[in-house]
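Engineer:
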Amino acid sequence: MPEAMHDRGRFWTPAPDWRAASLEGEGWRARRIHGLGQTLVSGDLDAARAALAPGAGEVGLWGVAGEGAGDGAYAARIARDRALLVTPSPLAAAPGWRDGFAVSPCDDLYAAVEISGPAMPQLVAEGTAADLEAGSRSAAVLFSGVSCLLYRAGPERARLHVESPFAAYIWTWLHGCVGRAPNRGATLQGA
Amino acid sequence: MQLFSCPFCGPRDETEFLFGAEAGKRRPEPAAEVSARAWGEHLHFAGNPKGPAREIWLHLTCGEFFAMERDTVSHAVSATRALRGGGQ
Ligand SMILES: [Zn+2]
Numbered sequence: 083m084p085e086a087m088h089d090r091g092r093f094w095t096p097a098p099d100w101r102a103a104s105l106e107g108e109g110w111r112a113r114r115i116h117g118l119g120q121t122l123v124s125g126d127l128d129a130a131r132a133a134l135a136p137g138a139g140e141v142g143l144w145g146v147a148g149e150g151a152g153d154g155a156y157a158a159r160i161a162r163d164r165a166l167l168v169t170p171s172p173l174a175a176a177p178g179w180r181d182g183f184a185v186s187p188c189d190d191l192y193a194a195v196e197i198s199g200p201a202m203p204q205l206v207a208e209g210t211a212a213d214l215e216a217g218s219r220s221a222a223v224l225f226s227g228v229s230c231l232l233y234r235a236g237p238e239r240a241r242l243h244v245e246s247p248f249a250a251y252i253w254t255w256l257h258g259c260v261g262r263a264p265n266r267g268a269t270l271q272g273a
Numbered sequence: 070m071q072l073f074s075c076p077f078c079g080p081r082d083e084t085e086f087l088f089g090a091e092a093g094k095r096r097p098e099p100a101a102e103v104s105a106r107a108w109g110e111h112l113h114f115a116g117n118p119k120g121p122a123r124e125i126w127l128h129l130t131c132g133e134f135f136a137m138e139r140d141t142v143s144h145a146v147s148a149t150r151a152l153r154g155g156g157q
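Chains as they are written, first to last, in the numbering used here: chain X, 83 to 273; chain C, 70 to 157.
1) Let me check understanding here. Comparing Cα to Cα, which of X/G178, X/T95, X/G199 lies closest to X/R234?
2) Curious, which full-length beta strand (DSSP E) runs of at least 3 residues does the stretch 107 to 132 of chain X contain?
3) Got a sec: does ligand 1 put a non-hydrogen atom nearer than 7 Å to the Cβ of X/S124?
4) Could you say which of X/A216, X/F225, X/D128 lies nearest to X/R162 if we only look at CA atoms?
5) Rank C/K94, C/F77, C/V142 by C-alpha distance to the C-alpha of X/R219 and give the top, closest one.
6) Answer yes or no: do C/E124 and C/A92 have a C-beta to C-beta separation smaller than 8 Å?
7) Let me know the alpha helix (DSSP H) ranges lying completely inside the stretch 153 to 217 of chain X, each 4 residues or longer, listed in chain order.
8) Say the cut is 7 Å; is the CB of C/C78 nearer than that to a heavy atom of ligand 1?
9) Quick check on X/A158 - is its C-beta less than 8 Å from some C-beta in chain C?
10) With hydrogens ignored, establish whether the beta-carbon of X/S220 is closer than 7 Å to any heavy atom of ligand 1.
11) Would you tell me roughly how many angstroms separate the C-alpha atoms of X/L231 and X/A158, rounded to the nearest one?
12) List, in chain order, every chain X residue whose beta-carbon is nearer than 9 Å to that of C/E133.
13) Return the CA-CA distance between X/E245 and X/S229, expressed in angstroms with no decimal places.
14) Check the DSSP bridge columns for C/C131 and list the partner residues they point to.
15) Buried or exposed, going by whether 16 or more other CB atoms sit within 10 Å of the CB of X/W179?
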């Protein structure tokens, strides 16, 4: 019987089973983090943090999140007037305008991928042209060609927030790094 | 590869940036009195200077529009400036 329609399902990168997905490379491993609360805030970021996650610190590119109070909550800075508030579980904050800031709950907008291990810095450096050790106030950066938020949750733990539709692509990119040592040419300056 | 410096983020790879327009180019107003010719020139004609230029660029990852002064021959960037107050 002739196909009535093309099956485009095979055209797209197959999505892994995210619950079980993990990658193991030489000196690094990657997994997806589930259950985080993610809330976009715009405008007066200090007021937004005080109202939604008192004590939450702020993190930029390659900075280490969670160094401070805030019960594990932190704000990954995106722009001058925009940040992604990351909390251990969804905040269920009411969307809309408040006093000086706007709130957009977006728990599923980004997929969070954690890459850890001693070779993590070299692997991550392969994905971006940014000078990680120099840092940047914004955690938003092009990683393997797509816009991501990149920071660390510990010295050897990087976190990437990538828009969910790109999660399978990023995973494929990481999968391509399995089975070989991270490129020495990508070694961080001073590392 | 070239680095541009976003006034907010600092130096980033050129692939993160998008050219917006020549700086100082104002939309002719009021719309009802703008001739088709003037509107066409606004849309399609550019100064395209050879040498020092002042342009508006966008940093795609953070969304900041800013002014960049650069040389269109040597590609050297002499300054980037935020378009709004604060500059923090
Ligand atoms: Zn920027």
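A virtual CB, placed ideally from N, CA and C, is assigned to each residue, including glycine.
Note that the structure is a prediction, hence the values are computed from the model and not measured.
Structural biologist: Looking at the atomic coordinates:
1) The residue you call residue 234 of chain X lines up with position 152 of the first sequence. Nearest C-alpha to X/R234: X/G199.
2) Counting whole runs of 3 or more residues, the stretch 107 to 132 of chain X contains the beta strand (DSSP E) stretches 110 to 115, 119 to 125.
3) Counting from one through the first sequence, the residue named residue 124 of chain X turns up at place 42. No - ligand 1 has no heavy atom lying nearer than 7 Å to the Cβ of X/S124.
4) Taking the first residue of the first sequence as position 1, residue 162 of chain X is located at position 80. The shortest C-alpha to C-alpha distance from X/R162 to any of X/A216, X/F225, X/D128 is the one to X/D128.
5) Locating residue 219 of chain X in the first sequence gives position 137, counting from the first residue. X/R219 has its Cα closest to that of C/F77, out of C/K94, C/F77, C/V142.
6) Here residue 124 of chain C refers to the residue found at position 55 of the second sequence. Here residue 92 of chain C refers to the residue found at position 23 of the second sequence. C/E124 is a Cβ neighbour of C/A92, given a cutoff of 8 Å.
7) DSSP runs (the alpha helix (DSSP H)) wholly in the stretch 153 to 217 of chain X: 202 to 209.
8) Counting from one through the second sequence, the residue named residue 78 of chain C turns up at place 9. Flag set: Cβ of C/C78 near ligand 1.
9) Residue 158 of chain X sits at position 76 when you count from the first residue of the first sequence. No, X/A158 lies away from the interface with chain C (no Cβ there is under 8 Å from its Cβ).
10) Translated into positions along the first sequence, residue 220 of chain X becomes position 138. Yes.
11) Counting from 1 along the first sequence, the entry for residue 231 of chain X is found at position 149. Counting from 1 along the first sequence, the entry for residue 158 of chain X is found at position 76. Distance from the CA of X/L231 to the CA of X/A158, rounded to the nearest whole angstrom, comes to 7 Å.
12) For this step, residue 133 of chain C is matched to residue 64 along the second sequence. Within chain X, the residues A161, R162, S220 have their CB atoms less than 9 Å from the CB of C/E133, given in chain order.
13) The count along the first sequence starts at 1 and reaches residue 245 of chain X at position 163. The count along the first sequence starts at 1 and reaches residue 229 of chain X at position 147. Using only the alpha carbons, I get a separation of about 8 Å.
14) In the second sequence, counting from the first residue as 1, residue 131 of chain C sits at position 62. As far as DSSP is concerned, C/C131 takes part in no beta bridge.
15) What you label residue 179 of chain X is simply residue 97 of the first sequence in a count that begins at 1. Under this definition X/W179 is an exposed residue.
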